[in-house]
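In the UniProt record's numbering, the protein residues as written are 1 to 262. In what follows, a structure is listed as structure tokens, so that the remarks can point back to it.
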Amino acid sequence: MQRQFLHFILPAKQIWHGAAPYCLSGLLLVSTGCSQAKPPEVNLNLQVEPAGRSGVYSVSGNTNLPDQSRITVSAIRYLSPSQTAPLATGGLSPQLQSQLTYTVLSRQDVVVNQGKWQTSLNLWQVAPNGQFREGWQINQSELKIPTTPAPDVVFLATFEPEGQPPTIQQKVQEQGIQLEGNLARFTTDGQRYLQISQALPVPLPTGKTTPPTLTTADINGGWGDRSQIATPEKSAPANSKPTASANTSQTTAPLSPDQLLR
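Listed below in structure tokens is the structure:
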């Protein structure tokens with residue numbers, strides 16, 4: 001809303017009052033105004049760089065979202081169910097990306113602190129034989145179909161308004177931050193969220209380390225070694241006598257009043 005203030009100019013003329021003339025100087029017609037401040041647009045960016053360890057990447061960024069806002073940081077690799085690897089996915093449209101299968105290599109939730117956020121993602125896992133692998137490679141035998149990975153890994157930073165604490169939702173409304181622009185996305189249910197991405201060429205893992213120690217969850221679908229669950233009953237010693245509470249003998253004697261009340 002803009003308010004206009006008009007200053008009218010009177011033509012310059014002399015006004016005689018008694019014997020002493022004085023002059024009312026003229027002013028030009030001037031239009032001045034004030035406009036309401038435009039609500040700030042949301043600012044969310046990210047930067048990805050190797051963290052100095054194989055398979056680990058540092059992901060950070062700045063934002064004007066309120067402090068303690070939750071941001072989900074993910075690393076995904078697109079997979080093609082064919083012998084041809086998909087192109088670098090950083091420039092693919094969302095429509096083309098939706099036609100590919102993808103696997104989440106790592107995911108972390110971070111909170112905004114003084115307009116900044118940072119976390120690290122480990123893209124590698126250790127296979128049972130000790131080799132470094134991505135998660136989809138370890139489970140590739142269960143997919144039953146050959147898959148070819150894209151050369152890029154896509155790093156994502158996602159802000160979901162509906163998943164924020166009520167205090168954060170209130171602060172976003174109070175600050176008038178507009179959750180619009182190029183970062184705005186919509187779920188299939190029509191829920192709005194913000195997302196920014198960056199694609200980097202990341203080679204597949206190589207090398208080997210000490211095989212991990214198997215736990216109960218890794219054996220027999222989480223049941224562990226069934227042979228160790230049931231323990232054989234111990235036989236009573238030959239010279240043992242039944243305890244007073246053990247009633248192993250049969251009798252034709254009538255029941256006592258106490259037994260009738262049981």
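We put the CB at the ideal spot given by N, CA and C, even for glycine.
>> Suppose you measure from the CA of A150 to the CA of D189; what does that come to, to the nearest Å?
In response: Going from the Cα of A150 to the Cα of D189 covers about 29 Å.
> Under a three-way DSSP split, which group does T167 fall into?
Replying inline: In the structure shown, T167 sits in a helix (DSSP, three-state: H, G or I).
>> Just verifying my parser: in three-state terms, what is the DSSP assignment at Q191?
In response: Reduced to three states, the DSSP call for Q191 is coil.
> Which residues share a DSSP beta bridge with P201?
Replying inline: Its beta-bridge partners are D152.
>> Cutting at 8 Å between CB atoms, please list the residues of its own chain near G176, excluding the five before and the five after it.
In response: Cβ within range, chain order: P39, P40.
>> Quick check on DSSP: helix, strand or coil for Q114?
In response: Collapsing the DSSP output to three states places Q114 in coil.
> What are the boundary residues of the beta strand (DSSP E) that includes Q137?
Replying inline: For Q137, there is no enclosing beta strand (DSSP E); the residue is found in the alpha helix (DSSP H) stretching over 135 to 138.
> Considering only residues of the same chain and omitting the five flanking positions on each side of Q140, which have a CB-CB separation below 7 Å?
Replying inline: Correct list, in chain order: T147.
>> Do I71 and V110 count as a contact pair if the criterion is CB distance below 9 Å?
In response: Yes, the pair counts as a contact, with Cβ atoms nearer than the cut-off.
> Going by alpha carbons, who is nearest to S82 out of T101, D67, T167?
Replying inline: It is T101 whose Cα lies nearest to the Cα of S82.
> Can you tell me where the beta strand (DSSP E) with G61 in it begins and where it stops?
Replying inline: Per DSSP, the unbroken beta strand (DSSP E) holding G61 starts and ends at 56 to 62.
>> For the pair the stretch 165 to 172 and the stretch 197 to 214, tell me if three or more CB-CB distances fall below 8 Å.
In response: By the C-beta criterion, the stretch 165 to 172 is judged not to be in contact with the stretch 197 to 214, since fewer than 3 inter-stretch pairs fall below 8 Å.
> What distance in whole Å lies between the Cβ atoms of L123 and G55, which are believed to be in contact at a cut-off of 8 Å?
Replying inline: Cβ atoms of G55 and L123 come within 8 Å of each other, at about 5 Å.
> How is P50 classed by DSSP in three states: helix, strand or coil?
Replying inline: Reduced to three states, the DSSP call for P50 is strand.
> Looking at S69 and F159, is the spacing between their C-beta atoms short of 9 Å?
Replying inline: Less than 9 Å separates the beta-carbon of F159 from that of S69.
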